[in-house]
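Report on the following structure.
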Amino acid sequence: MDVFMQKRTMGIETEYGLLLRRSNGKFCQKPVNAKFLAHPWLTQTKTFDELYLFKDENDPTKGLWIGANGGKIYHDTVASSKDLDRAEYSSAECINGKDVALYDAAGDLLMQKVRESFMRSGAFKRMHCATHAHEDVVISKNNSDFIRPAEKPRESMHFYGSHENYIAYKRFFRVNEIDGFTECILPFLVSRTILHGSGGMWYTPESGWHYVISPRALATFRAEGRSAIYERPIIMSKDIGIDDRKKLYMRLHLVYGDSNMSPRSTWIRFDSTHLMLRVLEELGNEARLPVLENPMEALHAFATDTTLKAKAETHDHGHLTALDLQKLCIELVQKLELSDYEKAFAEYWASVVRRLEEDPLNLRKELDWVIKKNFIERSMARHGYDIRHEKARVLDVSYSELSPKGIYYRIEAAGGIEPLFAKKSVEAALQTPPPETRAALRSKYIIAVRKKFGKKNSGDCTLVRWESVHYAPKVRLDNPFATKSKRLTRVLNSKKFLNPAT
0 MDVFMQKRTM GIETEYGLLL RRSNGKFCQK PVNAKFLAHP WLTQTKTFDE
50 LYLFKDENDP TKGLWIGANG GKIYHDTVAS SKDLDRAEYS SAECINGKDV
100 ALYDAAGDLL MQKVRESFMR SGAFKRMHCA THAHEDVVIS KNNSDFIRPA
150 EKPRESMHFY GSHENYIAYK RFFRVNEIDG FTECILPFLV SRTILHGSGG
200 MWYTPESGWH YVISPRALAT FRAEGRSAIY ERPIIMSKDI GIDDRKKLYM
250 RLHLVYGDSN MSPRSTWIRF DSTHLMLRVL EELGNEARLP VLENPMEALH
300 AFATDTTLKA KAETHDHGHL TALDLQKLCI ELVQKLELSD YEKAFAEYWA
350 SVVRRLEEDP LNLRKELDWV IKKNFIERSM ARHGYDIRHE KARVLDVSYS
400 ELSPKGIYYR IEAAGGIEPL FAKKSVEAAL QTPPPETRAA LRSKYIIAVR
450 KKFGKKNSGD CTLVRWESVH YAPKVRLDNP FATKSKRLTR VLNSKKFLNP
500 AT
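Going by numbering that gives the first Met the number 0, the sequence shown opens with residue 0, and the numbers climb by one from there.
Take a look at the structure:
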């Protein structure tokens with residue numbers, strides 16, 4: 000079996016909403032992302048110096064590579080009338096879902112550190128506004144904003160996402176040609192939303208405001224597409240930066256998932272997907288699930304129903320719930336030869352499905368949509384309002400605010416979250432790359448450049464990409480699992496690098 004499939008690389012891209020809050024309590028809708036993201040480059044502090052930041056395309060407002068851990072923060076300017084430009088963090092390559100969850104949490108920590116420094120600088124106070132000073136910078140990891148007129152609740156809704164990347168065999172994802180996609184991966188992805196939905200408020204003319212499992216899934220309209228903004232698909236397929244002369248592989252890009260505050264929600268979506276990709280790659284004709292008659296209708300039904308009773312019609316297995324489909328997925332995974340790590344995860348996955356079936360409240364310390372729902376319902380009972388009240392929508396967004404005021408962090412501080420790793424591990428992940436991927440080489444290169452040149456112009460030779468570093472000569476990082484490179488060592492020890500003026 001191919002090494003890429005048994006041990007695949009994966010990573011996460013997280014989009015953040017940034018808002019300025021005025022002294023009169025109102026929000027400013029004008030963009031702040033470019034100045035916010037350039038701040039750690041322009042600010043001389045030990046915190047940011049130790050991250051060994053590197054300007055992307057020699058422009059800090061476009062993005063900054065994080066030399067310390069191999070990831071990147073950047074200003075995503077692929078904006079449209081649907082989605083405003085936003086801040087985005089992309090983790091370095093990881094080899095399992097638990098590491099993805101850890102490095103995603105490291106991205107959250109970085110955004111908090113930038114916010115704290117940005118606030119101390121006072122640079123935000125008069126941005127875009129001469130009449131009202133801003134008193135706060137709000138960073139939300141929510142999936143949509145809540146700035147819209149009360150009488151027009153769907154107006155100006157801007158979506159933010161959490162995108163997943165996996166190395167996968169290209170041949171399984173020709174949607175119109177290969178049955179494996181519709182008979183294995185698609186039913187899994189559609190039903191998977193009950194495990195990792197972030198929960199949130201949603202509006203329809205028929206039901207008004209109500210709580211759903213996954214707002215992002217309800218804004219997804221196609222199984223496959225080429226544009227996350229205009230087509231809003233479940234998956235996109237992209238080329239990957241590895242040595243793939245036979246063009247066997249692709250980057251499976253999932254764009255329908257919610258951003259998660261709970262690391263366990265992130266962990267379960269990544270490792271369950273890895274194992275189902277193994278099912279597709281290794282089990283041949285056994286890799287079959289009931290085919291959904293209308294996958295998008297099923298996705299929306301599952302994403303809406305917090306009772307988990309919603310059923311979707313299949314071709315030849317009647318009507319099934321998302322829990323039914325997840326149990327069938329786990330049965331297929333159990334046919335694989337699993338590593339000790341994979342066995343432990345599969346047991347956890349099965350326990351989550353079992354406990355959800357018994358009572359979703361069993362997961363009130365683990366899964367985001369249950370944690371948030373439980374908090375809002377307790378607040379409603381305590382203060383005497385219903386789900387249609389504006390307070391419920393404020394709590395929805397406040398849940399994922401990246402500051403000590405954020406509801407998730409308050410619940411965590413009170414012992415209401417089942418931890419996946421220690422806080423010191425998150426700090427360490429911000430300072431070190433994943434040890435078993437090419438991120439270690441990218442980190443090594445950036446740190447060497449920063450130590451040699453500081454923040455000064457380092458010449459035409461320095462360059463960083465996901466799949467390569469340096470310009471002349473280029474050092475390709477084709478093997479995603481490579482942690483050593485003789486070519487990179489030669490470049491870093493060369494006279495041209497050590498003495499560029501000669």
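Using N, Cα and C, we set each Cβ at its ideal position, and we do this for glycine too.
Since the structure is predicted, the reported quantities are computational estimates derived from the model, not experimental observations.
Unbroken alpha helix (DSSP H) stretches of 4 residues or longer found wholly inside the segment 199-236: 214-217, given in chain order.
From the listed residues 377, 201 and 135, the smallest Cα separation to residue 21 is found for 135. Residue state for residue 488 is assigned as helix, using DSSP reduced to three classes. Going by DSSP, residue 250 is part of the beta strand (DSSP E) stretching over 248-256. Per DSSP, residue 448 is one residue of the alpha helix (DSSP H) stretching across 438-452.
Residue burial is scored here from C-beta neighbours: residue 381 has fewer than 16 other C-beta atoms within 10 angstroms and is therefore classed as exposed. Your pair residue 161 and residue 270 does not check out as a contact, with CB atoms roughly 15 angstroms apart and the cut at 8 angstroms. For the pair residue 453 and residue 95, the Cα-to-Cα distance works out to about 34 angstroms. If you check the CB distance, residue 140 and residue 107 come in under 9 angstroms. Beta-bridge partners of residue 12 (DSSP): 89 and 162. Taking all protein chains in view, the Cβ of residue 101 is crowded by 16 or more other Cβ atoms within 10 Å, so the residue is classified as buried. CA-CA distance, residue 220 to residue 302, rounds to 13 angstroms. Between the segment 413-429 and the segment 458-471, the count of C-beta pairs closer than 8 angstroms stays below three; the two stretches do not touch. Put simply, the segment 205-218 does not touch the segment 165-172. Fewer than three CB pairs are less than 8 angstroms apart. Secondary-structure assignment with DSSP links residue 53 through a beta bridge to 64.
DSSP places residue 319 inside the beta strand (DSSP E), whose first and last residues are 318-320.
A direct Cα-to-Cα measurement between residue 498 and residue 120 gives close to 37 angstroms. Pairing residue 31 with residue 138, the inter-Cα distance amounts to about 11 angstroms. Between the alpha carbons of residue 13 and residue 490 lies a gap of roughly 33 angstroms.
Residue 26 carries a strand assignment under DSSP once its states are collapsed to helix, strand and coil. When rounded, the separation of the alpha-carbon atoms in residue 272 and residue 185 is 11 angstroms.
Taking C-beta atoms as the reference points, residue 341 and residue 279 fail to come closer than 9 angstroms. Looking from the CA of residue 412, the closest CA among 420, 403 and 419 belongs to 403.
Taking the Cα positions, residue 398 is about 19 angstroms away from residue 359. DSSP places residue 138 inside the beta strand (DSSP E), whose first and last residues are 133-139. Distance between residue 308 and residue 409, taken at the CA atoms: about 31 angstroms. For residue 398, the enclosing alpha helix (DSSP H) stretches over residues 389-398. Between residue 394 and residue 314, the alpha-carbon positions lie close to 40 angstroms from each other. Selection 439, 266 and 417 evaluated against residue 480 yields 439 as nearest (Cα-Cα). When only Cα atoms are considered, residue 318 and residue 210 end up about 24 angstroms apart. Residue range 71-75 is occupied by the beta strand (DSSP E) that includes residue 73. Counted as a single uninterrupted DSSP element, the stretch harbouring residue 311 is not any alpha helix (DSSP H) but the beta strand (DSSP E) occupying residues 310-312.
The beta carbon of residue 207 sits closer than 6 angstroms to the beta carbons of 387 from its chain, once the five residues preceding and following it are set aside; these are given in chain order. The beta carbon of residue 6 lies closer than 8 angstroms to those of 94 and 480 in the same chain, with the five residues before and after it left out. Using a 10 angstroms sphere on the CB of residue 418, the tally of other CB atoms stays under 16, which defines it as exposed. DSSP, read as helix, strand or coil, puts residue 31 in coil.
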